[in-house]
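In what follows, a structure is listed as structure tokens, so that the remarks can point back to it.
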Amino acid sequence: MLFNFEMDFATSLRCIPMIVRMKLDLCGVKLSLRQWCRFTRQEQEILVIQSVTTLAEG
Numbered sequence: 034m035l036f037n038f039e040m041d042f043a044t045s046l047r048c049i050p051m052i053v054r055m056k057l058d059l060c061g062v063k064l065s066l067r068q069w070c071r072f073t074r075q076e077q078e079i080l081v082i083q084s085v086t087t088l089a090e091g
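Just so you know, the numbering used here puts the end of the sequence shown at 91, numbered straight through with nothing missing.
This is the structure we're talking about:
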């Protein structure tokens, strides 16, 4: 899921999509753009579609 404002650049996944940033924030994980770029395209896509559950939800 990508937000409309991200469509120009996020389809290439050269930037961290907002949905991934939100998931990482929920988990308390900090990820730099440099680290994001080290992931394969497949790994990046998995992070986009993967659901996240917090301890409070689980």
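In this text, a Cβ means the ideal position worked out from N, Cα and C, and glycines have one as well.
**Asked** Taking the C-alpha atoms as reference points, what is the distance between T79 and I52?
**Response** For clarity, residue 79 is Ile in the given sequence; the question names Thr instead. Each residue's Cα considered, the two are about 12 angstroms apart.
**Message:** In the DSSP assignment, the alpha helix (DSSP H) including V62 goes from what residue to what residue?
**Reply:** Unbroken run through V62: none, as it is neither H nor E.
**Message:** Distance check for I49 and S65, CA to CA, integer angstroms please.
**Reply:** 9 angstroms
**Prompt:** Excluding sequence positions up to five away, which residues of its chain have a Cβ less than 6 angstroms from the Cβ of W69?
**Reply:** I49
**Request:** Determine the closest residue to T86 out of E76, C60, Q75 and R74, with distance taken between C-alpha atoms.
**Result:** C60
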